[in-house]
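A.B. asks: Encoded as structure tokens, here's the structure I'll be asking about.
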Amino acid sequence: MKRTVVEIVLLLGLVAAAAFGWINLQKGNLASGNVVALETKAKATEAMLNDSRTEAEVAEEALDLLSDEMEPLRAKAFELDAVKEALANGPLLQDLESLYKQQKGLSIERQLGLGALRLLAKGGDDPGVAEAFQKALQMADWNGRKKTICAAQIGLAAAGENIKVLSECAIQPNGVPVASAHGGTAAAGHVAAADDHGHGQVGKQVVSAHAGPHWGYEGAMGPERWGSEFPTCGKGRSQAPLNIKGPFVKGRINVNADYKAGPLRILNNGHTVQVNVPAGSKLRLDGVPYELLQFHFHRPSEEQIDGKPMAMVIHFVHKSADGKLAVLGVLLKEGNENPGIKTLWSHAPTVEGPEVALDDVVFNPANLLPKEFEFFSYEGSLTTPPCTEGVRFFILKAPVNVSREQVNGFPFKRNARPVQPLNDRVITSG
Ligand SMILES: [Zn+2]
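Here my numbering is used: the first residue of the sequence shown is 47, the next is one more, and so on.
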């Protein structure tokens, strides 16, 4: 029960985060509406719990319910002083803090909510505030969920951090972030907000610029320099990619991909071509489901086998319910044309921009997988800044074909991080 209420509070915090920019400009009339809404939800949830369903199911329903009520809640987010009153020195924030300690892998929405609530209760000087927003910002970048970047940036600015908030994140007096000027130009489809893959989204907004410092694959912000802006990239001990070579340890984990067809959503984020996958496709690790969020490409393959890269690699990025990341790597070997990639390349934007949603193009990520499912596995990291560790990699041994023309049709000539030291890790083979 406590856990469910905490989830709801964190969700409310996201609304708060989105509203901060405006609140800083103008203090609205304060009332206790938000707290009342919260209490009502908590009571409704308690009633549902008595209905003998599992807590997880109830939490899902409660969050769905709240998502529907996001719009009216947005207005109530201006009454935040009442929430602050309820949180200050109260058990609610302590619950949040302890949940945070247990679960390092909170979702982006929860991170944002946590940052917002800490900011409310403790003020911008508390280091935990910036920490939570920074973490959300990093996760947003990796997941291509750029709309959350606005909330995190506004939160950081509100906490007094020296951060440049994207112009797209400017807040209108009604609290709705302004959509980017990039919208409305796509002829082949409509420009849509990035998929959120979960509950707790705050409205629909299109954000197209990068957050945080610029980085790239060559020159002054090339991989050797990432560590200066993103410490984990330089100091991490479990970084990816790896040169995969023996001796190997026998792997025992059972991996199973259950991908489903869905409408194509594709974007060029300035670093790669990425396909955002609608909910429902899963990777199962010993039966534990990891939702497929997106997949993207590197040229050449970031992973090497016995010191040699392949023409390209596809990284399928998955996340479990408790926030753990798992990447399935499919190596692409130069050979025959790949029909799946043919479809993707015909719709992939050649220049950086927002996601393009093509409702009439149905794509199944399973078409990009080889038949054989033997793999190498190791603990690694994001291979792009901020290089966050704790990512499990599964690199399939069987490559799939890609034609030379298709490799040359990929809009990035080189977007592969060099291989990283193995240190004290083991690579399993199974
Ligand atoms: Zn990748």
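Don't be surprised by glycine CBs; every beta carbon is placed ideally from N, CA and C.
(1) Put Arg164 into one of helix, strand or coil per three-state DSSP.
(2) Heavy atom of ligand 1 less than 8 Å from the Cβ of Val373, yes or no?
(3) Okay, do the segment 412-430 and the segment 391-403 touch, 3+ Cβ pairs below 8 Å being the bar?
(4) Taking the runs of the beta strand (DSSP E) that are 3 residues or longer, which of them lie wholly in the segment 405-464?
(5) Tell me the rounded alpha-carbon separation between Pro432 and Ala198.
(6) Can Thr429 and Arg460 be called in contact, C-beta distance under 9 Å?
(7) Less than 8 Å separating the Cβ of His344 from some heavy atom of ligand 1?
(8) Which of the three DSSP states, helix, strand or coil, is assigned to Val82?
(9) What separation, rounded to the nearest whole angstrom, lies between the Cα atoms of Thr100 and Ala367?
(10) Within the present structure, is the beta-carbon of Glu348 separated from the nearest heavy atom of ligand 1 by less than 8 Å?
(11) Would you give the residue range spanned by the alpha helix (DSSP H) that Pro277 belongs to?
(12) For the candidate residues His342, Asp405 and Leu404, whose alpha-carbon lies nearest to that of Leu377?
(13) Can you list, in chain order, the residues of its chain with a C-beta nearer than 6 Å to that of Gly174? Leave out the 5 residues immediately preceding and following it.
(14) Let's test the definition: count the other Cβ atoms within 10 Å of the Cβ of Glu401 and tell me whether it reaches 16, buried, or not, exposed.
(15) Measuring straight from C-alpha to C-alpha, what distance separates Tyr267 and Ser274?
(16) Given the structure, does Thr318 come close to ligand 1, in the sense that its CB is under 8 Å from one of the ligand's heavy atoms?
(17) What three-state label does DSSP hand Phe343 in the structure shown?
(18) Please name the residue or residues paired with Pro395 in a DSSP beta bridge.
(19) Does the distance from the CB of Trp272 to the CB of Gly265 come in under 9 Å?
(20) What I want to know is whether the C-beta of Thr278 ends up closer than 8 Å to one or more non-hydrogen atoms of ligand 1.
(21) With distances taken between CB atoms, is the gap from Glu349 to Gly375 smaller than 9 Å?
(22) Alpha carbon to alpha carbon, how far is Asp352 from Asn382?
(23) Quick check: does the Cβ of His361 come within less than 8 Å of any heavy atom belonging to ligand 1?
(24) Alpha carbons only, please: which of Glu435, Ala182 and Val453 is nearest the one belonging to Gln466?
(25) Identify whether Gly292 lies in helix, strand or coil by the three-state DSSP scheme.
(26) Does any CB atom of chain C fall closer than 9 Å to the CB of Ser274?
(27) Thr434: beta carbon under 8 Å from a heavy atom of ligand 1?
(28) Once DSSP output is grouped into helix, strand and coil, what is the label at Gly375?
(29) Any heavy atom of ligand 3 closer than 8 Å to the CB of Thr396?
(30) Let me confirm a value: Arg345 is counted as buried when at least 16 other C-beta atoms fall within 10 Å, else exposed. Which label applies?
(31) Phe362: which of Lys354, Trp261, Met356 and Ala372 sits nearest, CA to CA?
(32) May I ask whether a heavy atom of ligand 1 can be found less than 8 Å away from the beta carbon of Thr430?
(33) In angstroms, rounded to a whole number, what distance separates the CA positions of Gln452 and Leu160?
(34) Quick test of the definition: if touching needs 3 or more C-beta pairs under 8 Å, does the segment 311-328 touch the segment 279-298?
(35) If Leu288 sits next to Leu468, beta carbons under 8 Å apart, how far is it from one beta carbon to the other, in whole angstroms?
C.D. replies: If we stick to the structure as given:
(1) Reading the sequence shown from its first residue, position 118 is the one you call residue 164. Assignment of Arg164 by DSSP, reduced to helix, strand and coil, places it in the helix class.
(2) Position 327 of the sequence shown, counting from 1, holds the residue named residue 373. Val373 Cβ: within cutoff of ligand 1.
(3) no
(4) 421-427, 435-442 and 446-448
(5) Your numbering for residue 432 matches position 386 in the sequence shown. Your numbering for residue 198 matches position 152 in the sequence shown. Going by the C-alpha atoms only, they are around 15 Å apart.
(6) As a working note, residue 429 is residue 383 in the sequence shown. As a working note, residue 460 is residue 414 in the sequence shown. No. Outside cutoff.
(7) As a first step, residue 344 is located in the sequence shown; it is residue number 298 there, counting from the start. Because some heavy atom of ligand 1 lies under 8 Å away, the Cβ of His344 counts as near it: yes.
(8) Taking the sequence shown and counting its residues from 1, one reaches residue 82 at position 36. Because the pLDDT of Val82 is 43, which lies under 50, any placement of that residue in the model is unreliable, and the number read from its coordinates should be weighed accordingly. DSSP places Val82 in helix when its eight states are reduced to three.
(9) Your numbering for residue 100 matches position 54 in the sequence shown. Your numbering for residue 367 matches position 321 in the sequence shown. With a pLDDT of only 49 at Thr100, under 50, the local geometry of the prediction cannot be trusted, and the value read off the model is given with reservation. About 15 Å.
(10) Taking the first residue of the sequence shown as position 1, residue 348 is located at position 302. Checking every heavy atom of ligand 1 against the Cβ of Glu348, one is found closer than 8 Å.
(11) What you label residue 277 is simply residue 231 of the sequence shown in a count that begins at 1. Where Pro277 is concerned, the enclosing alpha helix (DSSP H) stretches over Pro277 to Lys281.
(12) Reading the sequence shown from its first residue, position 331 is the one you call residue 377. Minimum Cα distance to Leu377 is reached at His342.
(13) Within the sequence shown, numbered from 1, the residue matching residue 174 stands at position 128. Only Arg164 meet the Cβ criterion.
(14) Reading the sequence shown from its first residue, position 355 is the one you call residue 401. Taking all protein chains in view, the Cβ of Glu401 is crowded by 16 or more other Cβ atoms within 10 Å, so the residue is classified as buried.
(15) Locating residue 267 in the sequence shown gives position 221, counting from the first residue. Locating residue 274 in the sequence shown gives position 228, counting from the first residue. Correcting the residue identity first, residue 267 is Met in this sequence and not Tyr. Approximately 9 Å, taken between the alpha carbons.
(16) Here residue 318 corresponds to residue number 272 of the sequence shown, with the count starting at 1. Answer for Thr318: yes, Cβ within range of ligand 1.
(17) On the sequence shown, position 297 is the one that residue 343 refers to. In this structure, Phe343 counts as strand in the three-state DSSP scheme.
(18) For the purposes of this step, residue 395 is identified with residue 349 of the sequence shown, where counting begins at 1. Paired residue(s): none; Pro395 is not in a bridge.
(19) Mapped onto the sequence shown, residue 272 falls at position 226. Mapped onto the sequence shown, residue 265 falls at position 219. Taking 9 Å as the Cβ cut-off, Trp272 and Gly265 do not qualify as a contacting pair.
(20) Within the sequence shown, residue 278 is the residue found at index 232, counting from 1. No, Cβ of Thr278 sits at least 8 Å from all heavy atoms of ligand 1.
(21) Locating residue 349 in the sequence shown gives position 303, counting from the first residue. Locating residue 375 in the sequence shown gives position 329, counting from the first residue. In contact: Glu349 and Gly375 (Cβ atoms closer than 9 Å).
(22) If you number the sequence shown from 1, residue 352 lands on position 306. If you number the sequence shown from 1, residue 382 lands on position 336. Straight-line Cα distance between these residues: approximately 24 Å.
(23) What you label residue 361 is simply residue 315 of the sequence shown in a count that begins at 1. True, at least one ligand heavy atom lies under 8 Å from that Cβ.
(24) One-based indexing of the sequence shown puts residue 466 at position 420. Selection Glu435, Ala182 and Val453 evaluated against Gln466 yields Glu435 as nearest (Cα-Cα).
(25) Taking the first residue of the sequence shown as 1, we reach residue 292 at position 246. Coil at Gly292, not helix or strand.
(26) Looking at the structure shown, chain C is missing, and only one protein chain is on hand.
(27) As a first step, residue 434 must be located in the sequence shown, where it is residue number 388. For ligand 1, not one heavy atom lies less than 8 Å from the Cβ of Thr434.
(28) The residue labelled residue 375 in the question sits at position 329 within the sequence shown. Strand.
(29) Questions concerning ligand 3 fall outside what the structure shown contains, since the ligands it does hold are ligand 1.
(30) What you label residue 345 is simply residue 299 of the sequence shown in a count that begins at 1. By the neighbour-count rule (16 or more Cβ atoms within 10 Å), Arg345 is buried.
(31) As a working mapping, residue 362 is identified with position 316 in the sequence shown. Among Lys354, Trp261, Met356 and Ala372, the Cα nearest to that of Phe362 is on Ala372.
(32) Along the sequence shown, one-based indexing puts residue 430 at 384. Checking the Cβ of Thr430 against ligand 1 gives yes.
(33) Along the sequence shown, read from residue 1 onward, the residue named residue 452 stands at position 406. Along the sequence shown, read from residue 1 onward, the residue named residue 160 stands at position 114. Cα to Cα, Gln452 sits roughly 44 Å from Leu160.
(34) no
(35) Against the sequence shown, residue 288 aligns to sequence position 242. Against the sequence shown, residue 468 aligns to sequence position 422. With a beta-carbon spacing of about 6 Å, Leu288 and Leu468 fall inside the 8 Å limit used to define contacts.
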